[in-house]
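Input: a single structure, listed below in structure tokens.
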Amino acid sequence: MRDGGRWFNVNILSVFYGVIIIIVVVVVVVVVVVVVVVIVIVIIIVIVIIIIIVIIIIIIIIIIIIIIIIIIIIHLVGHDLTNLS
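Just so we're aligned, residue 0 is where the sequence shown starts under the working numbering, counting upward by one.
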């Protein structure tokens, strides 16, 4: 009976240690996965922000060019009108 009890206790301990090892492995894997996912998300967000900033800058440059062209056209038309008059 005692030997059986000892074997049972050792078995419980080994199972317990096994469970602890499994839990530790699972936790480590989960942490690694979460860290990788967070890093990927941060990289994606940074890339998106950079793209948005570049697009905004391009739009601003295009608007400035259009305004300059409009001003030049108005000046030319204005000169033409003054010349005609």
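Note that beta-carbon positions come from the ideal geometry of N, C-alpha and C, so glycine has one too.
Spatial distance of residue i from residue j (CA atoms)
i, j, result
"V53", "Y16", "55 Å"
"I150", "I11", "There is no way to answer for residue 150, as the model of the chain reaches only from 0 to 84."
"M0", "V14", "Caution applies to M0, whose pLDDT of 43 falls short of 50 and renders its modelled position unreliable; the value that the coordinates give is listed next. Each residue's alpha carbon lies about 21 Å from the other."
"I85", "V34", "Outside the displayed span of the chain (0 to 84) sits residue 85, for which this structure offers no information."
"V159", "I19", "The displayed coordinates of the chain run from 0 to 84. Any statement about residue 159 would go beyond what the structure contains."
"I70", "V36", "51 Å"
"V45", "I59", "21 Å"
"I63", "I57", "10 Å"
"V32", "I72", "59 Å"
"V24", "V39", "22 Å"
"I48", "I21", "40 Å"
"H74", "I55", "28 Å"
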